[in-house]
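There are 2 protein chains.
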Amino acid sequence: MRVDLGNALASEATPGVPRAALDRLDGRVTRAHERIERGRREGALGYAALDLPHRTDPTAIEEAVAPLAGAAHVLVVGIGGSALGAATVASALGDGSIHTLDNVDPAHTARLLDSLPLADTVLTVVSRSGTTAETLANFLVVREAMAAEGLDWTERTLVVTGESGPLRELAGEHALPALDVPAEVPGRFGALSTVGLVPAAIRGHDIGRVLDGGRRVAEGLSGSLYETPAYAYGAACYALDARGASVNAMMPYAEALEPFAEWFAQLWAESLGKEGLGQTPARALGATDQHSQLQLYRAGPRDKLVTLVRPRERSELPIPAPDHSGTGERAGNASATGEDAPATGEGALASLRGTDLGTLLDAEFQATEASLAAADRPSVRIEVDRLDASGIGELCYGLEAACVLAGELYGVETFTQPAVEWGKCAARGLLGGGDGENGTTSEARAVGERTELVVE
Amino acid sequence: MRVDLGNALASEATPGVPRAALDRLDGRVTRAHERIERGRREGALGYAALDLPHRTDPTAIEEAVAPLAGAAHVLVVGIGGSALGAATVASALGDGSIHTLDNVDPAHTARLLDSLPLADTVLTVVSRSGTTAETLANFLVVREAMAAEGLDWTERTLVVTGESGPLRELAGEHALPALDVPAEVPGRFGALSTVGLVPAAIRGHDIGRVLDGGRRVAEGLSGSLYETPAYAYGAACYALDARGASVNAMMPYAEALEPFAEWFAQLWAESLGKEGLGQTPARALGATDQHSQLQLYRAGPRDKLVTLVRPRERSELPIPAPDHSGTGERAGNASATGEDAPATGEGALASLRGTDLGTLLDAEFQATEASLAAADRPSVRIEVDRLDASGIGELCYGLEAACVLAGELYGVETFTQPAVEWGKCAARGLLGGGDGENGTTSEARAVGERTELVVE
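Chains as they are written, first to last, in the numbering used here: chain P, 27 to 482; chain E, 27 to 482.
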């Protein structure tokens, strides 16, 4: 992983980080790195995640999934960290047959189940506690859908869960393959564990190479941001946020990294968003969002860092030459009101002649980066060699290490998410599963006391 | 469409809008509404979009697409406003067979083309000017892929474009069905025109009902925010932004509204993000993002408004009862470190007994809203009766009207997007399609002058 902070310096952008401030911050990075290393040695909550590339045993995973390997489809039932890591890895590997059911929308769930050949689908149910309401609900629905097609769900289900709890018991009772979620690793830091790798392993991908990528970044961690790309990124985000860049627009230039941007958004929001602090992640996608978000990024409030991510090599897909028959051989009469106003038809077409899609996408990457710089807006460039198993391992590990460092600099509890409990208690109470009278909870009672100002 | 501002009042949240401030703002809404009405009467740029429910002729669209109607798949080639409206309508209608190619990623494009049965696919190419580089490039690639399968692309292609330009000429030459993009309507405001409705019409949906929904909201526009849900929302966003809610997290509780959140993000960012102003849209999804973004929304910086959107009726999908065989009939031993820590297995399971997915999702909607209120964080609730053709018409029109009003209050040029031109010129120059020597542009030359601070 390669990080370029050039366009985030105060000499280039507002807000930006003065070189001298980065130098001073490096002293804090040194001390933070020592704390991180200590946490890893002690296997402390969260820090333990940074050892996953060494701790996760790909052979053990491959053996456990062997009875189910080769399925045409994998359906992951999980939510949050139990789904996003797996989706991120699957997408980077180009596997469109790993599906995620991470919401409890009846219309969506019904459509997904209708579209899947359940006889050829392996179900993985992922929940550390085994008590996540959304996950249990979907599991029960999928199980019933399998039964309705005369399929034995116990023959095509695998669970990834903690040492005990309802899912663990269920696995024991039905002799389901069951894998452990690693101890002391919050879900959002689990991409390089069973949580993120099991679906890819079922589909036959080389998950060892994903771990290799993570290991390469892990072995490069040092006490200086100038030597450690992950820390350079984490420190720059922190320093820019302190100077006003309260939004971090994660904008990969690769469709296969769209889930990665979502995964990053959870990592960043849930780890750093506490005690009034934390940079807000915004998910974007290049080049598409040039036609959606770039106007705001370039000309709106100076509260954003744009993180541009790309693989340095892409597959080739030539753009065929337009034929003689008029695909824009003559000049277009562009309307000044359109979303794509300026170029003449000749210019637009000339720029495509003899090139390919990847070259066009990379030109747009460079153009967007330069266009932000020309407007004095900060951006950071992150690159990996290729978008493959190793590349996604690098990116996931690198951003996790960046997040852990940023958490140290902010001084927050990176590995907890206390603010979400209130809503869980409220929902449970509304559904009659709470500890109070009639299964309610005090939070659920508060739901009924809302203030209304309705306009209809 | 029904808007509830109760949880955005200063009495309930920080930041929040004092009732008295809303009352004063209503005077400005009255005057803004007069300007909007004048713009509509004059057919002025952008304001004309608010007449689309009356201007768009569904029968003309249905007749134009008749030769292609009933195709198993529709592939929309367009980008930005030329894609998002169509994707939003298609998704709300539950149609998974309308696909969008709105990026120039070679790996993604190749995969999409491999997965589509091209013989059963209709291609729609959408670009007002007919010169959009990404759209032309993808069009040339898709055309070649059809030819490679021995298919005549001219028999399965329809264009949606302006009065002149390369696509218009091409349509003339090959006698392709061609539909006009409406005059004076920027792409991002085109959901209720040919741009948003053609793919749905090809697939046989009742696009007249989408327009009906828009018309119902249009007919309710009045000079007071207290009588006009769309204006209530636009005014509240403006007033909250002025008080520090610089981020607007659009969080629909419906998977089928995920593209709607993206569509909204373009509408909001490109229309309002100018001259240092504009509220930053963040795309979220309920209930999924409770396990990702809610921690930040509830406990991070007080710079957010959360917009909660839902249909009031959902389809039914009962959650089957867990059997005797242990699916969590006993208490789980939840780990304090997990993403789903608290509940006992009994509580989690009890809350699912005898309910259905939609009830669970609605409980989570209410719980999230109340959990934000309990932390004094502002939210606005937007509801439609059902998520169907009419409902998505209401939502699109309603949010467009909200955006137009907000633009008036900010005092920006809502209907242009000048900041994106720089990057387009740069990309064109990099690819040799500019007006300068060797096809370069001054912007492209600036790309080479970047400052580096590389860590690897």
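Heads up, the beta-carbon is just placed ideally off N, CA and C, and yes, glycines get one too.
query, result
"Taking the C-alpha atoms as reference points, what is the distance between T157(P) and I124(P)?", "23 Å"
"Considering only C-alpha positions, which residue in the set D146(P), Q316(P), A295(P), L162(P) is nearest to D382(E)?", "L162(P)"
"If we count Cβ pairs, one from each stretch, closer than 8 Å, do we get three or more for the region 249 to 261 of chain E versus the region 394 to 402 of chain E?", "no"
"Looking only at DSSP bridge pairs, what is R309(P) linked to?", "M276(P)"
"I'd like to know whether the C-beta of Y436(P) is nearer than 8 Å to at least one C-beta of chain E.", "no"
"What number of angstroms, rounded off, separates the C-alpha of E189(E) from the C-alpha of T333(P)?", "38 Å"
"Could you say which of E390(E), I418(E), T82(E) lies nearest to Q316(E) if we only look at CA atoms?", "E390(E)"
"Just how far apart, CA to CA, sit I62(E) and L247(E)?", "10 Å"
"Using CA coordinates, which residue listed in G302(E), Q443(E), F286(E), L435(E) is at the minimum distance from A109(E)?", "F286(E)"
"According to DSSP, which residues form a beta bridge with H125(E)?", "L101(E)"
"Taking the CB atoms as reference points, tell me whether D30(E) and V186(P) lie closer together than 8 Å.", "no"
"I want to verify the contact list: residues of chain P whose CB lies under 7 Å from the CB of E426(E), in sequence order.", "Near E426(E) there are no residues of chain P at all, since even the closest Cβ is about 15 Å away, more than 7 Å."
"Roughly how many angstroms lie between the CA atoms of A197(E) and R154(E), to the nearest whole one?", "13 Å"
"In the DSSP output, which residue or residues are listed as bridge partners for K330(P)?", "V273(P)"
"Applying the 10 Å Cβ sphere with the 16-neighbour rule, what's the burial state of N129(P)?", "buried"
"Helix, strand or coil: how does DSSP classify G354(E) here?", "At G354(E), the pLDDT of 40 sits below 50, so the modelled position is not reliable and the matter cannot be decided from this model."
"So with Cβ pairs under 8 Å, would you call H125(E) a contact of chain P?", "no"
"Do V151(P) and A97(P) have their beta-carbon atoms positioned less than 8 Å apart in this structure?", "no"
"Assign S416(P) to one of two classes, buried (16 or more other C-beta atoms within 10 Å of its C-beta) or exposed (fewer than that).", "buried"
"Show which residues of chain E have a CB atom less than 9 Å away from the CB atom of L251(P).", "V481"
"So which residues on chain P does P348(E) lean against when the C-beta distance must stay under 7 Å?", "L166"
"Write down every uninterrupted run of the alpha helix (DSSP H) in the region 160 to 206 of chain P whose length is 4 residues or greater and which is fully enclosed by it, in chain order.", "192 to 200"
"Which word fits V473(P), buried or exposed, when buried means at least 16 other C-beta atoms lie within 10 angstroms of its C-beta?", "buried"
"Nearest chain P C-beta to V473(E) closer than 8 Å, yes or no?", "yes"
"Does DSSP put V446(E) in a helix, a strand or coil?", "helix"
"Give the residues from the region 388 to 407 of chain P that approach chain E closer than 8 Å (Cβ to any Cβ), ordered along the chain.", "A389, E390, Q392, A393, T394, E395, A396, S397, A399, A400, A401"
"Let me see if you follow: with CB-CB separation under 8 Å, is N33(P) close to chain E or not?", "yes"
"Could you run through the region 442 to 463 of chain E and flag, in chain order, every residue whose CB is less than 9 Å away from some CB of chain P?", "T442, Q443, P444, A445, V446, E447, W448, G449, K450, C451, A452, A453, R454, G455, L456, L457, G458, G459, G460, D461"
"Contact criterion: CB-CB distance below 8 Å. Does P41(P) meet it with respect to chain E?", "no"
"Could you tell me whether the Cβ of E245(P) comes closer than 8 Å to any Cβ of chain E?", "no"
"Taking H134(P) as the query, report the chain E residues whose CB atoms sit under 7 Å from its CB, ordered along the chain.", "E281, A282"
"Can you tell me whether E284(P) is buried or exposed, with buried defined as 16 or more other CB within 10 angstroms of its CB?", "buried"
"With distances taken from CA atoms, which of R338(P), T135(P), E88(P), L205(P) is nearest A227(P)?", "E88(P)"
"Pairs of beta-carbons, one from the region 305 to 319 of chain P and one from the region 446 to 454 of chain P, closer than 8 Å: are there three or more?", "no"
"Does any residue of chain P have a CB that is nearer than 8 Å to the CB of T477(E)?", "yes"
"Tell me, please, whether the CB atom of G240(E) is closer than 8 Å to any CB atom in chain P?", "no"
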